[in-house]
Amino acid sequence: MTLAQRLIAATAVLTIATTAVLGFAVREAWRRTEESRFLAEFHGAVADLHKEIEREVAELAKVLEPLCAHEPLVDSALIGRKSGDLPERRLSISLRVPEMMRANRFDELLLITDRGEILGRGQSEAFAGHGDRPGAVQRVRELGGEVQLRQEEPRAWEAACRRGDDRTWVALLAARHVEPLLDAASRRHGLELGLEEPARAGRDASQYLVSRVNFPELGGQPLWATRSRTPLTAALRQLDLTVAVLGASTILVALLVAIWLARGLARPVVQFAHQAREVVRGTARPIAATGGRELEEAAAAFNQTLEDLASLKNRLAATERIAARREVARRVAHEIKNPLAPIRASIETLRRLHARNDPAFQDYFDEATRTVLAEVSRINHIVAEFTRYERLPAPRPVPFDVLEATRAVIQLHQSQGIPIHFDASPCPPLCADRDQFVQILTNLIQNAQDALEGRPDPRIRIQITHRPERNAVELTVEDNGPGVPAELQARLFEPYATSKAHGTGLGLAIAQRIAVEHGGDLFYATSNEPGRSVAPAAAGQEAGRSARGARFVLQLPLGGPPRLDGSIAPPDGDVTRPSQGPRA
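Just so you know, we're using the numbering used here here: the sequence shown kicks off at 17 and counts up by one.
Here you go:
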């Protein structure tokens, strides 16, 4: 996972956790506040309902008493009762009683005499009649001036007032029904009142706030006041939606900010890594890092490392040249000592024959001079090969088609009669010294052909593989010859190391030096050699290959020789089309 991805993931986790905790805390706090407010409103509504009922009951007596004292209708009825002309007044009285009932918001109103005659009657359903009503007279006497609850249906609060003396009087008996009054008052306060507990009535008690109330005006009978929780539930649902929307918005904004910050932080690191890879591939220019003091310090340390590596490379190259020259000088001296021995022997023999005036002097003179000249020619060849090894020119890399160059070299060596099988995969252009690449490949093919002389079924196989993970190309040359003796493998690439009867043994040393100066490597691969990375296809064929035979692997970077002196490697944009490798 990249730095930017880790930063985005960490921000997302932190934002989600923080938003969830804060959202839950806000919701719980708001829920408790709303439930407390809702409960307070509920109990306040119950208290207000009680006050309203008290007011209505008290108002019943307050309204009724002035009617008895000042209402003309009551005066007319009393006068008629005392004068005995009630029959003439009855009709007008009975018609005016319902009007009086409606005007004063009574549910029932009776105008009766001390003899129980009902002079007028008003109730919810219009009714008026005549007849003796001793029960009504008794009720008036029971009430006196108080308001009492009537238990018979319909239940009502009743009050009465009389006008006249103890023997002759008329009275008003008024009532207000309990149920309509409670329904109207409870609706005004958003409550529902009932005589039965909601749970016993088949209602889900969890959906209601319930309070058991006892109004003295109801004679101690308990009532159940309820209010639906639907508004509270809807408010909480709306709160959840709001918290979810705000939380999602917060997370989205946080992710966008995290992406922006991650890109800002990761871009300099990516650029730093890209420049570092370019250095590894050969473009060793100083790194200019941006994005913070840490990266600038890292870039400064990296640039200092480049300078130190360049200096170290120069010192190492100088040391290697001195060591190589010493080693080559030692080997040249050793090689020159071999031809000097026959030269010295020939000259000493000539001197002895000449000193004795030996007649064989003339005969031996031609043979001795031929020996001396041959050995001098051999010394001259040794010196010439040493000079060529010592004066190997520096690589002059240019992009070229490595497959086309390989096919051209193979074509030149097909005439030797040994079949060369070429297998290659598509490969980008190689930035290298083409002549030196051809020199390496020619040396490897000639060595393979020399090793296959006299074989009944000689075969040479050349394979080129693109290694994108290392930005390199790998060339393998193998044969089915006798292979390299085990005792020679350790010093195979040293100067003058050879198992052939002819040659100086400098060919592989020069080839490996060219590969190293290109930033690559040339090595002899065996089936159990550690530390060597070869192409998968070639490795897969190792099991089927004979234990005999030689196998050389050349690895070169596609970008050209690495440079640690600050110079820029040649661009490879001139050749942009990847090489296509049809099998030869």
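Just so it is clear, CB atoms sit at the ideal spot from N, CA and C, and this is done for glycine as well.
Which of the three DSSP states is assigned to residue i in this structure?
i                 : result
leucine 572       : strand
asparagine 120    : coil
alanine 144       : In this prediction, alanine 144 scores a pLDDT of 38, lower than 50, which makes its location untrustworthy; no coordinate-derived value is stated.
threonine 481     : strand
glutamate 133     : strand
phenylalanine 377 : helix
glutamine 21      : helix
glycine 138       : strand
leucine 209       : strand
valine 348        : helix
alanine 513       : coil
glutamine 167     : coil
glycine 160       : coil
leucine 508       : coil
proline 247       : helix
alanine 28        : helix
alanine 563       : For alanine 563, the predicted structure reports a pLDDT of 45, less than 50, and the residue's modelled location is therefore unreliable. A value from the coordinates is still provided. Alanine 563 falls in the coil class under three-state DSSP.
aspartate 537     : strand
alanine 488       : strand
threonine 35      : helix
isoleucine 395    : helix
isoleucine 267    : helix
alanine 152       : helix
isoleucine 303    : coil
proline 578       : coil
alanine 45        : helix
alanine 260       : helix
arginine 283      : helix
glycine 60        : helix
glutamate 558     : Note that glutamate 558 has pLDDT 41, beneath the 50 cutoff, so the model's placement of it is unreliable and no number is given.
If you check the beta carbons only, do residue i and residue j fall under 8 Å apart?
i              : j              : result
leucine 209    : leucine 255    : no
leucine 65     : alanine 93     : no
valine 388     : isoleucine 359 : yes
proline 302    : asparagine 330 : no
glutamate 174  : glutamine 167  : no
serine 110     : glycine 136    : yes
proline 411    : proline 578    : no
alanine 172    : arginine 192   : yes
aspartate 495  : alanine 525    : no
isoleucine 461 : histidine 482  : no
arginine 70    : glutamate 233  : Before going on, a small fix: residue 70 reads as glutamate here, not arginine. It is a contact, given that the beta carbons lie within the stated cut-off.
arginine 47    : leucine 207    : no
alanine 502    : tyrosine 540   : no
methionine 117 : glycine 132    : no
leucine 504    : leucine 538    : no
proline 413    : alanine 384    : no
leucine 572    : histidine 534  : yes
arginine 43    : valine 259     : yes
Who pairs with residue i in a beta bridge, going by DSSP?
i             : result
aspartate 495 : Ile476
proline 415   : Cys447
valine 226    : Thr242
isoleucine 69 : Paired residue(s): none; isoleucine 69 is not in a bridge.
threonine 128 : Checking the sequence, you will find isoleucine at residue 128 rather than threonine. Paired residues: Ile134 and Ala187.
Hey, could you find the ends of the beta strand (DSSP E) residue i is sitting in?
i           : result
alanine 187 : 185-193
glycine 235 : No beta strand (DSSP E) holds glycine 235; DSSP gives it neither H nor E.
alanine 440 : 436-440
leucine 180 : What sits at residue 180 in the sequence shown is glycine, not leucine. 172-180 is the extent of the beta strand (DSSP E) around glycine 180.
Can you name the start and end residues of the alpha helix (DSSP H) that residue i belongs to?
i            : result
arginine 450 : 450-467
valine 90    : 88-99
glycine 523  : 523-533
leucine 428  : 418-429
leucine 504  : 502-505
- Is it a yes or a no for the region 78-85 touching the region 101-112, going by three-plus beta-carbon pairs under 8 Å? no
- Say whether the region 439-452 touches the region 461-475, bearing in mind that this needs 3 or more beta-carbon pairs closer than 8 Å, one atom from each stretch. no
- Query: Just checking, does the region 478-493 make contact with the region 420-428 on the three C-beta pairs under 8 Å criterion?
  - Reply: yes
- Decide if the region 223-242 is in contact with the region 268-283; the criterion is three or more beta carbon pairs, one per stretch, under 8 Å apart. no
- Are three or more beta carbon pairs between the region 54-68 and the region 241-256 nearer than 8 Å? yes
- Should the region 179-189 be regarded as contacting the region 112-132, the criterion being three or more beta carbon pairs within less than 8 Å? yes
- Query: Quick check: the region 274-286 against the region 24-35, are there 3 or more CB pairs under 8 Å?
  - Reply: yes
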